[in-house]
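Below is one structure, written out as structure tokens, with a few remarks after it.
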Amino acid sequence: MHKPKTVMEHSSPRKVALLASCLLNQNAKVCQGAHYPGVVSPVVEALRSRGYLLQQLPCPELAFAGARRWWAVYEQYDTPAYRAHCRRLAQAIAPLIEQYLRHGAEVILIGLDGSPSTGVRFTSSQPDWGGRPNRPEDDWEIVPRRGIWIEELEAELARRGLPPLPATGWALDMGRFDEAGARRDLEEFLDDREKGDSGEDAAAP
Amino acid sequence: MNDARGWRVALVPDVLMNAPDRARAALPDVLHILEANRYGILQLPAAGEHSLLLAVIADQAAEYSHHGYAVVAIGVQGESGNGLHWRRLAPLLRHRGVALPPRHIIRPQIKATIEAQRLTAFLTGYDLPLEEQRRWRL
């Protein structure tokens with residue numbers, strides 16, 4: 096089996112952060128959803144300063160519905176076709192994650208809270224969304240639940256007999272983005288890991 | 079609502095995202111340079127098979143290329159395929175109707191500050207033609 100080179104070559108403790116694609120590339124966001132030009136620097140800074148290697152996850156929405164997709168909520172993406180697409184992406188990235196774990200790395204997952212796909216603690220919900228996209232602003236709800244992509248990724252890792260990953264979300268898609276609050280949340284999660292406190296981790300939201 | 083996207087995406091090898099300790103001083107901080115130049119990242123995996131993952135990455139690169147985003151690739155001299163899996167990635171991109179993105183190769187044997195300047199010049203000097211920008215970037 097090929098060993099993940101960078102993890103094996105790093106002499107410091109092996110820590111890997113799986114990142115929602117848009118945390119390294121805001122161009123993946125739905126139109127009007129990008130809060131940064133490219134890299135979400137507070138997330139990258141928090142992780143690099145604590146010695147984490149970065150592993151970007153694929154963006155499920157971009158490859159499925161395209162760069163010019165409409166906004167959508169959990170219920171609209173909860174279809175057999177989208178779940179099958181997410182399972183394909185999970186099968187593409189899972190071997191890398193498995194290698195990291197089998198070689199003793201500590202792996203964490205940073206998703207995007209509020210996202211219908213990549214939410215970890217929260218996703219967006221509105222069962223009656225559909226049809227012509229002329230909804231009034233902010234008429235969806237934020238509910239405590241994984242997004243579809245995270246559900247399928249975790250299911251694929253479980254199928255491989257891998258343990259649940261400690262996970263949290265950067266609260267970018269919660270309706271009103273509060274960068275300072277999101278940064279505090281993330282740093283608390285990471286610092287709790289350092290202290291050996293699992294904090295808000297793999298337990299379902 | 080405003081949208082802050084930079085409309086620029088770079089394919090980046092794992093070794094530039096996660097430079098091994100022994101190589102860190104020899105390489106420019108590519109993440110920082112990309113961020114400063116308003117680029118997003120599509121990370122390529124370290125050496126290995128990764129057939130399905132490369133196809134997934136090619137799908138994403140194609141979607142950007144077809145919709146008004148400037149896509150570039152940044153490699154590293156001395157890495158197999160410059161760290162870009164180019165022999166496999168290039169056909170995947172062509173198969174999706176994508177013109178191969180311009181490539182910039184980092185030279186680890188050259189001083190990191192000089193390579194940082196070269197990379198910055200490359201990134202700032204490249205974009206789509208104005209008419210393409212106007213067509214897509216509302």
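Chains as they are written, first to last, in my numbering: chain E, 96 to 300; chain A, 79 to 216.
Yeah, the Cβ is synthetic: ideal placement off N, Cα and C, and Gly gets one too.
A direct Cα-to-Cα measurement between residue 150 (chain E) and residue 112 (chain E) gives close to 6 Å.
Residue nearest to residue 81 (chain A) within the set A:179, A:116, A:151 is A:116 (criterion: CA-CA distance). Counting along the chain, residue 188 (chain E) sits inside the alpha helix (DSSP H) bounded by residues 175-197.
Apart from the 5 residues on each side of it in sequence, residue 147 (chain A) sits with its Cβ closer than 6 Å to the Cβ of 85, 87 in its chain, given in chain order. Cα atoms of residue 96 (chain A) and residue 227 (chain E): separation of roughly 44 Å, rounded to the nearest angstrom. Chain-ordered listing is empty here: chain E has no CB closer than 9 Å to the CB of residue 210 (chain A), the nearest sitting near 14 Å. If the five residues before and after residue 171 (chain E) are omitted, its C-beta is found closer than 8 Å to the C-beta atoms of 211, 224, 225, all from its own chain and listed in chain order. Only 109, 110, 112, 113, 115, 116, 117, 118, 119, 120, 121, 123 from the segment 103-123 of chain A bring a Cβ to less than 9 Å from some Cβ of chain E. Contact check for residue 135 (chain E) against residue 152 (chain E) fails: the beta carbons are separated by 8 Å or more. With contacts defined as CB atoms closer than 8 Å, residue 170 (chain A) and residue 132 (chain A) qualify as a contacting pair. Apart from the 5 residues on each side of it in sequence, residue 157 (chain A) sits with its Cβ closer than 7 Å to the Cβ of 91, 93 in its chain, given in chain order.
The segment 100-118 of chain A makes no contact with the segment 153-166 of chain E, as fewer than three CB pairs between them are under 8 Å. Only residues of its own chain outside the window of five on either side were considered, and among them 208, 277 have a CB closer than 6 Å to the CB of residue 266 (chain E), listed in chain order.
Cβ contact annotation for residue 237 (chain E) (same chain, cutoff 7 Å, sequence separation greater than five): 209, 217, 219, 269, 270, in chain order. Shown here, residue 264 (chain E) sits in a strand according to DSSP, grouped into three states.
Burial of residue 182 (chain A) is indicated by the presence of at least 16 other C-beta atoms within 10 angstroms of its C-beta. Contact residues of the segment 161-175 of chain E toward chain A are 161, 162, 163 (C-beta to C-beta distance below 8 Å). Between residue 122 (chain E) and chain A, the shortest Cβ-Cβ separation is below 8 Å.
Interface annotation, residue 130 (chain A): in contact with chain E, CB-CB separation under 8 Å. Proximity to residue 244 (chain E) across E:204, E:229, E:145 peaks at E:204, based on C-alpha coordinates. When secondary structure is reduced to three states using DSSP, residue 219 (chain E) falls in the strand class. In summary, residue 289 (chain E) is exposed, with fewer than 16 beta-carbon neighbours lying within 10 Å of its beta-carbon over all protein chains present.
Residue range 86-91 is occupied by the beta strand (DSSP E) that includes residue 91 (chain A). Residue 152 (chain E) carries a coil assignment under DSSP once its states are collapsed to helix, strand and coil. The alpha-carbon of residue 152 (chain A) is positioned some 9 Å away from that of residue 108 (chain A). Residues 149, 150, 151 of the same chain have their beta carbon placed closer than 6 Å to that of residue 179 (chain A), with the five preceding and five following residues left out of the count. Around residue 202 (chain A), the same chain offers 115 as residues with beta carbons nearer than 7 Å, after the five sequence neighbours per side are excluded.
Residues of chain A whose Cβ lies closer than 8 Å to the Cβ of residue 184 (chain E) are, in chain order, 134. Within the same chain, and ignoring the five residues on either side of residue 184 (chain A) in sequence, the residues whose Cβ sits closer than 6 Å to its Cβ are 154, 193. Chain-order list of chain E residues neighbouring residue 87 (chain A): 120, 122, by C-beta distance under 7 Å. DSSP places residue 139 (chain E) inside the alpha helix (DSSP H), whose first and last residues are 136-143.
Residues 159 of the same chain have their beta carbon placed closer than 6 Å to that of residue 180 (chain E), with the five preceding and five following residues left out of the count. Taking 8 Å as the cut-off, the Cβ atoms of residue 138 (chain A) and residue 157 (chain E) count as close. When only Cα atoms are considered, residue 173 (chain A) and residue 140 (chain A) end up about 10 Å apart.
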